[in-house]
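Our numbering applies: residue 12 is where the sequence shown begins, and numbers increase by one.
For each residue, glycine too, the CB sits at the ideal point set by N, CA and C.
Okay, so here's the structure we're looking at.
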Amino acid sequence: MDRNAVFIDAGYFWVQISQILFGEKRRRVDIDLNPRLMRESLLRQVKRISPETRTLRIYWYDGLGPNGLPTEQHKEIGRLADIKLRYGTVNSAGQQKGVDGLLMADLIALSQNRAIVTAVICSGDADLVPGINDSQMLGVRVHRLGIHGPGGASPILCEEVDDNSEWPIGEIMAFIRPAPDSPPPLPRESKFASELEEISREFAASLDDAQRAQIGTSPFIPPELDKKLLFHARTRLGRQLDNEEAKALRDVMRMVVGGKTV
12 MDRNAVFIDA GYFWVQISQI LFGEKRRRVD IDLNPRLMRE SLLRQVKRIS PETRTLRIYW
72 YDGLGPNGLP TEQHKEIGRL ADIKLRYGTV NSAGQQKGVD GLLMADLIAL SQNRAIVTAV
132 ICSGDADLVP GINDSQMLGV RVHRLGIHGP GGASPILCEE VDDNSEWPIG EIMAFIRPAP
192 DSPPPLPRES KFASELEEIS REFAASLDDA QRAQIGTSPF IPPELDKKLL FHARTRLGRQ
252 LDNEEAKALR DVMRMVVGGK TV
């Protein structure tokens with residue numbers, strides 16, 4: 012039977028589930044994860060994506076703890092069947108390094124050895140695109156499993172993979188919850204304001220200089236750009252904005268393009 016392999020970018024995983032629980036990026040200690048239920052849910056998603064294959068292995072890519080050693084959470088995840096941890100490093104700012112290179116190396120090696128016919132990648136990082144292209148040229152289909160909408164993922168990555176799907180939030184909520192002593196989630200108003208700023212910055216990044224100038228020098232957003240902005244917001248939030256929300260988004264968009272503090 013043909014096999015698949017699963018590649019989890021833990022940095023992306025933690026940021027996106029933090030957004031689901033709190034509406035913002037939080038520390039991992041603020042999130043109570045049930046690794047066993049997470050694994051079971053993940054394997055169900057992989058079976059849905061590639062029903063004709065069996066899973067060779069789940070690769071979990073993460074940086075080591077602050078002391079340069081695996082954390083207790085790493086050990087708990089690593090003890091689960093089918094999961095292999097692959098470690099990068101963490102710099103002085105707490106950012107993981109070397110994870111993308113490890114993921115691409117594993118993906119290409121498994122493809123070259125014909126160990127898999129399908130790869131399921133849970134990540135949002137455009138740096139993975141060269142490895143994905145190499146794997147596709149070797150005949151492997153690459154599927155991206157996203158978490159919490161496209162906002163946390165590079166559009167380039169989403170375009171380069173063979174297919175995109177979402178890990179259902181209902182499934183995710185079965186294996187995560189706020190830790191008992193974690194600060195409460197953002198109020199709805201603060202969360203929505205943060206989402207509008209994120210949407211505006213994402214959209215601004217897709218514009219050329221002439222389009223940005225059109226928005227920055229006009230009292231209103233040109234109709235064609237306004238239509239695209241609202242479409243981007245609808246895609247990002249999974250719903251259509253009402254009139255007041257659309258007005259707020261336009262105001263934030265003009266501030267972002269104008270370089271003002273939101």
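Query raised in the report: From Glu170 to Ala120, what distance separates their C-alpha atoms?
Result: 23 Å
Requested in this report: Compare the beta carbon distance of Leu67 and Ala137 with 7 Å and say whether it is the shorter of the two.
Outcome: no
Query - Buried or exposed (CB count within 10 angstroms, at least 16 for buried), Thr272 - result: At Thr272 the pLDDT is 45, less than 50, meaning the model places this residue with poor confidence and gives no usable figure here.
Query - Bridge partners - Ser122, DSSP secondary structure assignment - result: Note: Ser122 sits in no beta bridge, so no partner.
Requested in this report: Return the CA-CA distance between Gln56 and Asp173, expressed in angstroms with no decimal places.
Outcome: 16 Å
**Report entry** Cα-Cα separation between Arg90 and Gln147, rounded to whole angstroms
**Finding:** 31 Å
Query raised in the report: To the nearest whole angstrom, what separates the beta carbons of Val131 and Leu156, a pair I think is in contact under 8 Å?
Result: 6 Å
Query raised in the report: Mapping DSSP to helix, strand and coil, what is Pro189?
Result: strand
Query raised in the report: Just checking my contact of Arg97 with Tyr70 at CB under 8 Å: how many whole Å lie between their CB atoms?
Result: Taking the Cβ atoms as the reference, Arg97 lies roughly 6 Å from Tyr70, within the contact range of under 8 Å.
Query raised in the report: Among the residues of its own chain, which have a CB less than 7 Å from the CB of Arg65, if the five just before and after it don't count?
Result: Met12 and Arg14
Report task. Kindly identify the DSSP beta-bridge partner or partners of Asp174. Result -> Paired residues: His154.
Query raised in the report: Quick one: is Val40 buried, meaning 16 or more other Cβ sit within 10 Å of its Cβ, or exposed?
Result: exposed
Query raised in the report: Could you give the residue range of the alpha helix (DSSP H) that holds Thr246?
Result: Pro234 to Leu248
Query raised in the report: Is the shortest distance between the beta-carbon of Gly160 and the beta-carbons of chain D less than 7 Å?
Result: This model lacks chain D altogether; it includes just one protein chain.
**Report entry** Euclidean distance between Cα positions of Ala116 and His85
**Finding:** 21 Å
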